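Same order as they appear, the protein sequences are chains A and B. Start counting the first sequence at 1; every next residue gets the next number (the numbering used here). Start counting the second sequence at 1001; every next residue gets the next number (the numbering used here). Just so you know, even glycine gets a beta-carbon here, dropped at the ideal spot from N, CA and C. This structure is a prediction, so every number in the text was calculated from the model and none was measured. Worksheet: one structure, shown below.
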Amino acid sequence: MRDDARDKERDVKRLPIAAAALLALLFPGADCSWGQSMDDLNLQVHGYATQGFIYSTNNNWNTTNSTDGSAAWMEAVVNVTAQPQPKLSIGVQARYFLLGTYGNQIKLDFAQGDYKVNEYFGFRVGKVKTPAGLLNETQDIDPAQLWILLPQSIYSVAGRDSNLAHLGGVVYGTLALGKSLGKVEYRAFGGERVIDTADGGLVRFTDQGFQMPTGLSGPVYGGRLDWKTPLSGLMVGASEESDNPSGNVTRGTFQGTVSGDPFSTSHVFARYERDKLMVAGEYRRGTTNDIIQLTGLPPVYAYIDQRSFYGMASYKISEKLSGGLYYSSSLDRKAAYTSARYQKDWALTGRYDFNPFLYAKFEEHFVDGTETGYSITDNAGGLKPNSRMTLLKIGVSF
Amino acid sequence: MKRRPLPVFFGLLVLAVCSCAHAQVVIIANSSVSASSISKTELRDIFTGASTSLSNGKQVTPVLLRQGGVQDEFLSLYIGKTDSGFRAGWRSILFSGQGAMPKTLDSEAAVVEYVSHTAGAIGYIGRAAPHEGVKILVVR
Chain A
1 MRDDARDKER DVKRLPIAAA ALLALLFPGA DCSWGQSMDD LNLQVHGYAT QGFIYSTNNN
61 WNTTNSTDGS AAWMEAVVNV TAQPQPKLSI GVQARYFLLG TYGNQIKLDF AQGDYKVNEY
121 FGFRVGKVKT PAGLLNETQD IDPAQLWILL PQSIYSVAGR DSNLAHLGGV VYGTLALGKS
181 LGKVEYRAFG GERVIDTADG GLVRFTDQGF QMPTGLSGPV YGGRLDWKTP LSGLMVGASE
241 ESDNPSGNVT RGTFQGTVSG DPFSTSHVFA RYERDKLMVA GEYRRGTTND IIQLTGLPPV
301 YAYIDQRSFY GMASYKISEK LSGGLYYSSS LDRKAAYTSA RYQKDWALTG RYDFNPFLYA
361 KFEEHFVDGT ETGYSITDNA GGLKPNSRMT LLKIGVSF
Chain B
1001 MKRRPLPVFF GLLVLAVCSC AHAQVVIIAN SSVSASSISK TELRDIFTGA STSLSNGKQV
1061 TPVLLRQGGV QDEFLSLYIG KTDSGFRAGW RSILFSGQGA MPKTLDSEAA VVEYVSHTAG
1121 AIGYIGRAAP HEGVKILVVR
């Protein structure tokens, strides 16, 4: 099975070349300027593509053969936005993503209509990004980030597809509180959350032999408040989200359902930016009690009380070079006392912008624990309690 | 008579220094924009996508210049970011579905042409660039 996985990795390595060729065909003569613009509808096309490489010690990471070094990590994104009126915009964004044996298909990031009535109120509907946490809406935008990997304690790349967006809507606006109190930005959302059958967030089930053949889905709602304080550059915020996914589950020949209490997630965060310095921190708590009921068997209860946080800092060393550091921690207080109960990660990163369109990143992670990104399925010899990861990435955007 | 060139020289030098200290970028707007001035905070908010309206509530549409000296000076004076940081900010907005990228034009003449014919448009050009048909906003 491991050789089949390697063959699949080799096969799919050809796909980013095809993706790049597709982009070139779609946008011939693209000169890496600010996208192509069609005046009638203010139609713009933008995109980016990245190629990553990962090497890890001890444990394979997220379906890759990273202990041997893996380049099965790439993405290509195309965004088409029209703004027929100043208050109205319509946008579609598609993504090809591959990580190890996960993905390797084109998915819709979002497809939405957005109408901004005024500074106090606007709304967007469709498949929309979920405004939960400091970085959820931007976690997948590699050209806009210093980091290759955001703190996995909160922004796991394995669960990104499911957490990134929901079907429904968002209402938003900004309320000025006066010079001495700053501004408050609010966003409220609701709709349906769909979790793919291969989502990394389901690893806690699949590692115990359960499969969700059709994934999970259910209602989601929540909100986020950002206070842009009177101190220039300082923002403090919080968000709350409630997901209640359910679906079918199998284990061997047994079939049943998974349901339970809503997965409640609370975030508190702050960010300070001044000149070349950025400092940020975030705390998240996620809790749920899942019930897996297989026909003919007693129910299986899966309790989660995950508490995570990170602190990060970055500095623009020169016009082209930036560096950063973060510490990330996650602990599932309901999990068994193994290395899968927790994860601590020190990360050091650097980014070099060759020009406005081409950049490269280098990142080193020192990971203790295997709670996120490490699966028994990918590590037949068993999980080791810690590992080190070296990541490289190159990206182009237009 | 032979002494005159020195004071004249120093006078010209002082003038040159003063003109360098004075910003070489001006903010222009369509005549439909009722404001005659704009604060640095408003300017930064509009051109970073944090806001789409002036303090008087009127919606404005920013337009950008491509890379160059005027762009660099505008970013340095009013945004406080390098061009790559400025673009990263707009990419966050665009690729997260929170807004559209502002129109970007190749030349100051194109910016003036666009701003003069587009209600609510606001842009920036070099001080020496011709700007018939648009109004200049004083930055306070």
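query	result
In chain order, each alpha helix (DSSP H) run of at least 4 residues that lies wholly inside the region 171-227 of chain A	203-206
Local conformation of Glu363/A per DSSP, three classes	strand
Option in Leu331/A, Pro262/A, Phe210/A with minimal Cα separation from Pro299/A	Phe210/A
Beta-ladder partner(s) of Gln343/A, from DSSP	Ser330/A, Gly369/A
Span of the alpha helix (DSSP H) around Ser1034/B	Where Ser1034/B is concerned, there is no enclosing alpha helix (DSSP H), given that its DSSP letter is neither H nor E.
DSSP three-state assignment for Pro143/A, whether helix, strand or coil	helix
8 Å Cβ cut-off: residues of chain A touching Gln1067/B	Pro356
Three or more C-beta pairs below 8 Å linking the region 1045-1057 of chain B and the region 272-286 of chain A	no
Cβ-Cβ separation, Thr138/A to Ala132/A (assumed contact under 8 Å), whole Å	With a Cβ gap of about 12 Å, Ala132/A and Thr138/A do not count as contacting.
Short CB-CB distance (under 8 Å) between Phe1095/B and chain A	yes
Stretch pair the region 376-389 of chain A + the region 1022-1041 of chain B: three plus CB contacts closer than 8 Å	no
Proximity test, Cβ basis, 8 Å: Glu192/A and chain B	no
Three-state secondary structure assigned by DSSP to Ala302/A	strand
Pairwise C-alpha distance: Tyr326/A and Thr57/A	20 Å
Reduced DSSP secondary structure (H/G/I, E/B, other) of Val1139/B	strand
Same chain, Cβ closer than 6 Å to Thr370/A, five either side skipped, listed in chain order	Ser339, Ala340, Leu383
Three-pair Cβ contact test at 8 Å for the region 1033-1041 of chain B versus the region 1131-1140 of chain B	yes
Identity of the residues DSSP links to Asp243/A by a beta bridge	Val220/A, Phe263/A
Same chain only: Cβ atoms within 7 Å of Arg307/A, ignoring 5 sequence neighbours per side	Arg285, Leu331, Arg333
Three-state secondary structure (DSSP) of Lys1040/B	helix
Assigned secondary structure, Trp1090/B (DSSP; H/G/I helix, E/B strand, else coil)	helix
Any chain B beta carbon closer than 8 Å to Asn409/A	The requested residue 409/A does not occur in the structure, where chain A is confined to residues 1 to 398.
Under 9 Å by beta carbon: chain A residues contacting Gly1120/B	Pro86
Beta-carbon proximity of Gly373/A to Asn62/A, cut-off 8 Å	yes
Whether Asp290/A touches Val258/A by CB criterion (8 Å)	yes
Same chain, Cβ closer than 8 Å to Lys1058/B, neighbours up to 5 away in sequence not counted	Val1033, Ser1034, Ala1035, Gly1120
For Ala302/A and Gln255/A, the rounded distance between their alpha carbons	17 Å
Inter-stretch contact at 8 Å, needing at least 3 Cβ pairs: the region 347-354 of chain A / the region 309-327 of chain A	yes
One or two residues paired with Asp114/A in a DSSP bridge	Ser89/A, Arg124/A
Assigned secondary structure, Gly1069/B (DSSP; H/G/I helix, E/B strand, else coil)	helix
Neighbourhood of His1117/B by C-beta distance below 6 Å, restricted to the same chain and skipping five residues each side	none
Residue from Trp346/A, Ser397/A, Thr265/A whose Cα sits closest to the Cα of Met389/A	Trp346/A
DSSP-derived helix/strand/coil call for Ile1046/B	helix
DSSP state of Tyr337/A mapped onto helix, strand, coil	coil
First through last residue of the beta strand (DSSP E) which encompasses Leu1105/B	1103-1105
Within chain B, partners of Phe110/A - CB distance below 9 Å	Ser1096, Gly1097
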